[in-house]
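Chains as they are written, first to last, in full-length UniProt numbering: chain G, 1 to 334; chain H, 1 to 334.
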DNA sequence: GTGAAAGCGCTAACAG
DNA sequence: CTGTTAGCGCTTTCAC
């Protein structure tokens, strides 16, 4: 591989001049620039970004760390983020944190994170202890539905309001036995499932309907197949169920399948609403009514916060943002 | 940030000794190792991977470059690859190549690629001219359904055999008017759609059924919504269609929706088979029959080839592999 | 507008 | 088992 020194020799200039041309600095005369560019082309020169980064301290790269690459939701997040980061003149790389046995922490090795100018971290399954290990040495914005230490910037979905919106929609449609599929007891700050369960409860209160605790359906884990089996069993045991709020769209797809297995029609017998607004939802069964969590908004804000932290200006107080949600009405709840 | 020099000073040893401890080299006495580890903990030392890489020439990182992060297929690929790479003692980062206006080439900036020990490149939409710009300076394995220059290692799906298998399955079930949804004329080496169309033709020949060229349904582009509209129109115009081979599962999901829109039942009126074996397929409608392209096999082989290229041993001739496919039979074709 | 010197943090190669 | 020397490829700083 040719180095900047080879280019300098060939062009008859100093390494510094080549460096200036490579980095598009203005203080180079047109003639010199031409000769340097010619030499670069001649040698097929490529900058060594590693050396550049070691010396200059910046890599031009931002990382997005997600738990799983094969969950549709994180894929959408990654695609949006990649475009947004490019528009800001940097590049995005995505890493999967829960890879293999080593688990979340391995990918979070601070050493690796330090290779980037900044990082957007999706903190599902990460304890505060782990998150706290991130020193203030690196600009970081947190994503995710759990409470995080106050000193970090944090963007989350409108879990409570979204779940409430979805459940109110079902109650307003006349449903009186709205099951929450994938619900979980606990504080709304514990995570996605607890927060959405809180919204489900709130909706009942706002509409003056009693909450039936037997309608909280826990799932062994969040998975389409698991949901399918669990839901089919549930509706066979309790034929009065007339609606389901599913904590995610993937769960809702499992619920639709389970309801079909049990011979229930959607929306005639049971209405269904999901959460995430996956693209696919529009084309599944009668069309999946869902909550749009505002992913574009989330990424836009996360990157805005990250840019602020990466800028040389004095660091401001951490922000904690909640994205605005929207109901997307389709056939499964009509 | 503390450096190796700070640790060395605190532990009362040379930088080299600290380096040996950090890199788990055996030739350090237990006592010294203890003191160094203590000093590292005390200072909360983290290696600078950039400097390490500049000096040692290796980053311990492999890149996977995919066109879109939000296509379920590439998400699954990424997840499998991340696990496989970790098991080999390295890390994986995923980049999206078709980000924003700049397009494929930007992410392929050779300079960026050189930061990695090796790269797995999904070459959808990449011309041979672009691929050829990759010098032999970096271990690279190509993925994708188009023909590539012979000097590159290349792993691809069994497009022709898979499409043939799917179509034969439909013909054997008694279908006589098997439409290919998302088909395209051209050489089988042109890309995914042409290759699968070739398999569709082969199946007709092997079963002695005439190919009706009007049953080749082109799509404006590969998208669930586009497919839905196009398929609904097609079956209204030609009521004799009794089966569909869809070039991908995402297309198949659109076809299922379009068939429902047009009042056709699956599988009673029209049988449907997809291609990709997305997890979701099992739970959509009657269950989507599909071709499993052997993603695990593809990634396993790609990484094996990459490891071989990354090893110091002499480079062997490039390999061009085709993954074995399998029919996954579900309700949509019964 | 251009160049020389110095060094980012680390490790290969060689001594001992 | 431990240390010294040199330098990876680049850019910062300062000089001209």
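Don't be surprised by glycine CBs; every beta carbon is placed ideally from N, CA and C.
Assumed close pair residue i, residue j - CB separation to whole angstroms, cut-off 8 Å
i             : j             : result
residue 259/G : residue 235/G : 6 Å
residue 245/G : residue 209/G : At roughly 13 Å, the Cβ-Cβ gap does not stay under 8 Å, so residue 245/G and residue 209/G are not in contact.
residue 228/G : residue 261/G : 7 Å
residue 72/H  : residue 75/G  : 7 Å
residue 231/H : residue 332/H : Not confirmed; about 13 Å, so no contact.
residue 212/H : residue 177/H : 7 Å
residue 8/G   : residue 18/G  : 5 Å
residue 138/G : residue 169/G : Contact flag wrong, Cβ pair sits at about 41 Å.
residue 118/H : residue 306/H : 5 Å
residue 251/G : residue 181/G : 6 Å
residue 330/G : residue 282/G : 7 Å
residue 295/G : residue 77/G  : 6 Å
residue 93/H  : residue 93/G  : 4 Å
residue 322/G : residue 179/G : About 26 Å separates the two Cβ atoms, so there is no contact after all.
residue 271/H : residue 242/H : 7 Å
residue 160/H : residue 202/H : 7 Å
residue 88/H  : residue 110/H : The Cβ separation is near 24 Å, so there is no contact.
residue 49/G  : residue 25/H  : That pair is no contact at about 28 Å.
residue 67/H  : residue 29/H  : Contact flag wrong, Cβ pair sits at about 52 Å.
residue 247/H : residue 193/H : 6 Å
Residue i: first and last residue of the uninterrupted alpha helix (DSSP H) it sits in
i             : result
residue 250/G : 249 to 261
residue 91/H  : Here residue 91/H belongs to no alpha helix (DSSP H); instead the beta strand (DSSP E) covers 91 to 96.
residue 235/H : 224 to 237
residue 192/G : 192 to 207
residue 119/H : Careful: residue 119/H lies outside any alpha helix (DSSP H), inside the beta strand (DSSP E) at 118 to 122.
residue 282/G : Residue 282/G -> no alpha helix (DSSP H), and no H or E assigned at all.
residue 277/H : It is not in any alpha helix (DSSP H) - residue 277/H carries neither H nor E in the DSSP assignment.
residue 167/G : 159 to 172
residue 112/G : 110 to 113
Sequence-distant residues of its chain with Cβ nearer than 7 Å to residue i (five each side left out)
i             : result
residue 253/G : 224 and 284
residue 218/G : 183 and 184
residue 84/H  : 299, 300 and 303
residue 60/G  : 90, 91 and 117
residue 43/G  : 2, 6, 7 and 10
residue 53/H  : 59
residue 319/G : 153 and 305
residue 33/G  : 21
residue 14/H  : 8
Close-in-space but distant-in-sequence residues of the same chain around residue i (CB under 6 Å, 5 per side omitted)
i             : result
residue 142/H : 121, 123, 148, 152 and 154
residue 69/G  : 96
residue 278/G : 72 and 249
residue 166/H : 245, 273 and 291
residue 220/G : 226
residue 204/H : 211
residue 47/H  : 22
residue 289/G : 273, 329, 330, 332 and 333
residue 146/G : 191
Residue i, enclosing beta strand (DSSP E) - first and last residue
i             : result
residue 291/H : 290 to 292
residue 129/H : Careful: residue 129/H lies outside any beta strand (DSSP E), inside the alpha helix (DSSP H) at 128 to 132.
Identity of the residues DSSP links to residue i by a beta bridge
i             : result
residue 153/G : 141/G
residue 327/G : 291/G
residue 320/G : 154/G
residue 243/G : 178/G and 271/G
residue 216/G : 180/G
Spatial neighbours of residue i in its chain, beta-carbon cut-off 8 Å, leaving aside the 5 residues before and after
i             : result
residue 162/G : 196, 199, 275, 291, 293 and 325
residue 12/H  : 35
residue 51/H  : none
residue 313/H : none
residue 214/H : 238
residue 256/H : 266, 272, 284, 285, 288 and 332
Going residue by residue through the region 4 to 80 of chain G, where are the continuous beta strand (DSSP E) segments of at least 3 residues, counting only ones entirely within it?
61 to 66
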